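Every letter in the sequence shown is one number past the one before it in the numbering used here, and letter 152, counting from 1, is 506. Even glycine gets a Cβ: it sits at the ideal position worked out from N, Cα and C. Since we're looking at a predicted model, the values are computed, not measured.
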Amino acid sequence: MKKMKENPDFIPCTAVEGDEMLGGFPFNWHITRATEWIKENLDQVELSVVQIGPPGPGADSPRLDEEFLPKADLTRPIIMVRMRPEFFRLIDGNHRVAKARRLGVNELPAYYLTQEQHRQFFTSKDMDKRYVDYWNGKLKDFSKDNGRWAVVGEVEV
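Dropping the structure here:
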């Protein structure tokens, strides 16, 4: 993995009514645009699986729409993004993960976006610089520790 550079020409994704967004400080993603991009670029996106952890207190978001859970399509891949050299974050699929967890499903299909791929879906100009600084700091820590603290090949949500 290598250091990233800020994109001086970065154009943030802007939402229109009906678009799905995710996030809070410090990063927000335009999920609708990410999903569209994945469909148009399947040859550039890794499709694999994600391991689902057991149910338990705090395992799922307290903001889940319980009425939507039965409609969650477990065959539709969730979206994971590489946030740090050793860590992926779920940005789309919280309802699918919660449904799978409750049904005892151990894994779900998942698209994995690289650190370069997912940053194009940030929703404000400053997020690109903020993410580059964050990534480069984590990469330095990762390199200093020779990756000993990293978990590779397993993601549990």
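If you draw a straight line from the C-alpha of Arg456 to the C-alpha of Tyr465, how long is it? 22 Å
Find the nearest neighbour of Glu371 within the set Ile365, Leu493, Thr386, judged by alpha-carbon distance. Thr386
Determine, using beta carbons only, whether Ile392 and Leu462 come nearer to each other than 8 Å. no
Residue(s) in a DSSP beta bridge with Tyr466: Glu400, Met434
Alpha helix (DSSP H) containing Asn382: first to last residue? No alpha helix (DSSP H) holds Asn382; the beta strand (DSSP E) holding it covers 381-384.
Look at the Cβ atom of Leu418, then the Cβ atom of Ala454, and state whether they are nearer than 8 Å. no
Do you know whose CA, among Ser478, Phe496, Asn361, Val399, lies nearest Gly378's CA? Ser478
On the three-state DSSP scale, how would you describe Gly491? helix
Hey, Glu360 and Lys483: beta-carbon distance below 8 Å or not? yes
Pairwise C-alpha distance: Pro408 and Asp414: 10 Å
Which term fits Phe476, buried or exposed, when burial requires 16 or more other beta carbons within 10 angstroms of its beta carbon? buried
Backbone CA spacing between Phe442 and Thr468 [nearest angstrom]: 9 Å
For Asn490 and Lys357, what's the separation of their Cα atoms in angstroms? 5 Å
Give the secondary structure of Glu461 by DSSP, where H, G and I count as helix, E and B as strand, and everything else as coil. strand
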